[in-house]
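Residue numbers (this note's numbering): 3 to 149.
Data first, discussion second: the structure below is written as structure tokens.
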């Protein structure tokens, strides 16, 4: 995750394209929005764009897995106010992970935002104890308020 910016060149797809964030079915379109389908890809993309801003600085954050067999990609960012945002992309089974480098936030309430098969950017608060839970095949953003 060494990206400097994220952009999606096709936001609304129609026809047989399936690479957009939203799918448009002109055959069933109505004024009330029927025919417009928001895809999981939209919510996964939002995990980055809603919680990261210009001025945030990427910092090191490692997982306790020296062989990197977790199936998880992770990025950590410090915001100008001192809060930290960690985005984890899990392309495997549900798992518990220890986040190294965030010891200063242990015992504090943080927010998790998860997109998976059942949820779409669903927020929940938890007390950070050094580890996090990742749902299977999910993108989860963890927001740690400034100490």
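From the three backbone atoms N, C-alpha and C, an ideal C-beta is built for every residue, glycine too.
Using the C-alpha atoms, what's the distance from residue j back to residue i?
i	j	result
residue 128	residue 74	20 Å
residue 135	residue 122	17 Å
residue 89	residue 144	6 Å
residue 102	residue 137	19 Å
Looking only at its own chain, which residues have a Cβ that is under 6 Å from the Cβ of residue i, when we skip the five neighbours before and after it?
i	result
residue 81	58
residue 91	75 and 141
residue 98	133 and 135
Only counting the same chain, and skipping five residues up and downstream in sequence, which positions put a Cβ closer than 8 Å to that of residue i?
i	result
residue 149	84, 106, 107 and 110
residue 94	72, 73, 74, 138 and 139
Report the residue from the options whose alpha carbon sits nearest the alpha carbon of residue i.
i	options	result
residue 39	24, 51 and 49	24
residue 114	103, 93 and 147	147
residue 86	125, 92, 138 and 60	60
residue 56	132, 63 and 79	79
residue 53	103, 125 and 62	125
residue 62	104, 21 and 95	104
residue 100	21, 132 and 119	132
Within a Cβ cutoff of 7 Å, which residues of the same chain sit near residue i, ignoring the five residues on either side of it in sequence?
i	result
residue 117	42, 45, 46, 49, 123, 140 and 141
residue 96	136, 137 and 138
For the putative contact between residue i and residue j, defined by C-beta atoms under 8 Å, what is the C-beta separation to the nearest angstrom?
i	j	result
residue 130	residue 112	5 Å
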